[in-house]
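One structure below.
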Amino acid sequence: MAEAVKAAGRQFAEAGLEAPERSAQILICGLLDIGLTELVLDAGNALDVETQSRVASAVARAVNGEPVHRILGRREFYGLELQLNEETLEPRPDTEILVDAALPHVTAIAARQGGCDILDLGTGTGAIALAILSHVKQARALGVDISEKAVLAATQNARRHGLGERFRATTGDWFDNISDRFDVIVSNPPYIRRSDIDGLSDAVRRHDPVRALDGGQDGLDAYRIIARETDKHLRQGGRIVLETGFDQHDAVIALFDKHGLECLERRRDLGGRDRVLAFARKAL
Ligand SMILES: C[S@@+](CC[C@H](N)C(=O)[O-])C[C@H]1O[C@@H](n2cnc3c(N)ncnc32)[C@H](O)[C@@H]1O
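Letter by letter, the sequence shown follows residues 1335 to 1618 of the numbering used here.
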């Protein structure tokens, strides 16, 4: 096994992939359905012929630029393994910061009221909502996505993690099919400027769905809609927590300010760049 990981790591390094050793470990552990500990313990074991051929074809796909989690069809987010499909974004570690920022609000509201209703706009795999539900037992969430396949993935991910009774997902264009109010709204909307999409890495441009990336001409289309509609869907004392692009904090704060929402918190991502904003209604 160790040999297979080393060989894959060498091929990834030659192909110029990021973190070649780590990617080789993730890919081979994922294909064999084992953890890192088993990889170390069973390092001397040889792979059977069938497994060697599965590994070889997965390594070839990765060398060709396909992200390892796409090849495996799943990725871990906030301790939950989530299934992907061609219409879901691969959830990213930076988005865990949004979950970190939302959790204290959800926990406080749930403690005060005995429950907390969350709306996850552009739910994708359900990553944000499911991570929150897995930590706050009294919370419930509705996930909305324009993609039917994303809604299917989110629903299946919820069931797989025993969260199906507290999570529902529906297709829709942001708030179009939503009439209820919520205690907490969360969203990681598409926020890449359209003209920047061609310059993204191959892995992102070729393998993440464009609907998950394209934020319109200035990257802010989704924030404009969310800022305008939030007041109709947020309960008294509610919060809205959003991921943004690294250079969008000031613009997004200005958009929400125009609609009576004040910024409570700004958070940076793992690379020290602006990434998450939390808002509440301004006091009258
Ligand atoms: C950046 S991805 C985020 C996915 C997931 N929440 C996450 O953080 O991993 C944005 C999501 O918004 C969805 N989306 C794009 N336009 C939408 C719209 N008009 N209404 C609802 N969802 C939309 C995409 O399909 C995609 O799943």
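Even glycine gets a Cβ: it sits at the ideal position worked out from N, Cα and C.
- Under the DSSP definition of a beta bridge, residue 1503 partners with 1477.
- Between residue 1444 and residue 1575, the C-beta gap is not smaller than 9 Å, which leaves the two residues out of contact.
- Spatial neighbours of residue 1358 in its own chain (CB-CB distance under 7 Å, excluding positions within 5 residues in sequence) are listed in chain order as 1339, 1342, 1343, 1346.
- For residue 1538, the shortest separation between its Cβ and any heavy atom of ligand 1 does not lie below 8 Å.
- In the DSSP assignment, residue 1517 falls within the unbroken beta strand (DSSP E) covering 1516-1521.
- Under DSSP, residue 1417 shares a beta bridge with 1408.
- Within 8 Å of the C-beta of residue 1521 there is at least one heavy atom belonging to ligand 1.
- Taking 8 Å as the cut-off, the C-beta of residue 1578 does not count as close to any heavy atom of ligand 1.
- Taking 9 Å as the cut-off, the beta carbon of residue 1498 is found no closer than this to the beta carbon of residue 1525.
- Counting along the chain, residue 1571 sits inside the beta strand (DSSP E) bounded by residues 1568-1577.
- Across the structure, residue 1523 and residue 1557 are spaced so that their CA atoms are roughly 8 Å apart.
- Taking non-hydrogen atoms of ligand 1 into account, the C-beta of residue 1411 is found less than 8 Å away from one of them.
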